[in-house]
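Colleague:
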Amino acid sequence: MPSPDLLQQSPLIHLVDDDQAVRDSLSLLIGTVGLRVQAWADPLAFAAQFDRQAIGAIVLDVRMPGVGGLTLLGQLMEQGVDQPILILTGHGTVDMCRRAFKNGATEFLEKPVDDEVLLEALQAAVRQHVRLRAQTQADRDAQQRYAQLSPREREVLALIVQGLTNKEIGRALDLSPRTVETHRANLFSKLEAPSLAWLIRRYATLADDSGAAPAA
Numbered sequence: 001m002p003s004p005d006l007l008q009q010s011p012l013i014h015l016v017d018d019d020q021a022v023r024d025s026l027s028l029l030i031g032t033v034g035l036r037v038q039a040w041a042d043p044l045a046f047a048a049q050f051d052r053q054a055i056g057a058i059v060l061d062v063r064m065p066g067v068g069g070l071t072l073l074g075q076l077m078e079q080g081v082d083q084p085i086l087i088l089t090g091h092g093t094v095d096m097c098r099r100a101f102k103n104g105a106t107e108f109l110e111k112p113v114d115d116e117v118l119l120e121a122l123q124a125a126v127r128q129h130v131r132l133r134a135q136t137q138a139d140r141d142a143q144q145r146y147a148q149l150s151p152r153e154r155e156v157l158a159l160i161v162q163g164l165t166n167k168e169i170g171r172a173l174d175l176s177p178r179t180v181e182t183h184r185a186n187l188f189s190k191l192e193a194p195s196l197a198w199l200i201r202r203y204a205t206l207a208d209d210s211g212a213a214p215a216a
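Those letters in the sequence shown? Residues 1 to 216, per the UniProt record's numbering, in order.
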């Protein structure tokens, strides 16, 4: 998974097309908006060697020797590649478009592609990828902090996100209000929670998944 520093890198667009003229022209175009481009003539070499950790997007041509864009799209999705993938084709059909989106494509564009349409689609894809990676990072951080809680603190957290007061939590767990308050303070500290609303928003799913039984 990416480090916070990786999220600050200039986005990288992988351009996979066997037509050198297309690669050259689109690389120049994409570079005008400050995006780095790595062009690939061979889809199999791309699949084996591209940087899967980089922030950015992938542009695949449909018709290429060795493996077609739609087939490669399906393989990348099966492998868990999270970069948004845009499909380019010079011979688009409704069925091809449907297959592309069904297989996980972010966008489906026909050649000759309008410059502004492509750039807007790529910039939107990059923003989508940045948000996805940032959320993934936040989720992993939350899981690591949650793992630091004691079993009792997890029980208290589960009841907090259900909306119970300290007294109600005490009755549910057979604890004194003072003990509940101690557990509450400890878990707020371990989770680095600035507020109750933030705690519930960030940890409600983890608390629910812990299996704590709701209070009667």
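Positions of the beta carbon are idealized from the N, C-alpha and C atoms, including for glycine.
Exposed or buried, residue 222, counting other C-beta atoms within 10 Å across all chains shown (16 or more means buried)?
Modeller: Given a span of 1 to 216 for the chain in the structure shown, any question on residue 222 remains unanswerable.
Colleague: Please report the residue range of the alpha helix (DSSP H) in which aspartate 139 lies.
Modeller: Segment 115-146, the alpha helix (DSSP H) holding aspartate 139.
Colleague: Less than 7 Å between the beta carbons of arginine 202 and alanine 142, yes or no?
Modeller: yes
Colleague: Determine, using beta carbons only, whether alanine 207 and valine 161 come nearer to each other than 7 Å.
Modeller: yes
Colleague: If we count the other Cβ atoms within 10 Å of its Cβ and call it buried at 16 or more, is histidine 91 buried or exposed?
Modeller: So histidine 91 ends up on the exposed side.
Colleague: Nearest-angstrom Cα distance between threonine 136 and glycine 163?
Modeller: 27 Å
Colleague: Any idea what DSSP makes of residue 227, helix, strand or coil?
Modeller: Look at the range of the chain in this structure, 1 to 216, and you will see that residue 227 is not part of it.
Colleague: Is the stretch 140-160 touching the stretch 109-118, taking contact as three or more C-beta pairs under 8 Å?
Modeller: no
Colleague: Looking only at its own chain, which residues have a Cβ that is under 7 Å from the Cβ of arginine 52, when we skip the five neighbours before and after it?
Modeller: Val81
Colleague: If the criterion is Cβ atoms closer than 7 Å, does the pair glycine 69 and leucine 60 meet it?
Modeller: yes
Colleague: Using only CA atoms, which one of Ser10, Gln49, Asp18 and Arg178 lies nearest to threonine 89?
Modeller: Asp18
Colleague: Mapping the DSSP letters down to three states, classify isoleucine 169 as helix, strand or coil.
Modeller: Of the three classes helix, strand and coil, the one that applies to isoleucine 169 here is helix, per DSSP.
Colleague: For aspartate 19, which of helix, strand or coil comes out of DSSP?
Modeller: The answer is coil: DSSP assigns aspartate 19 none of H, G, I, E or B.
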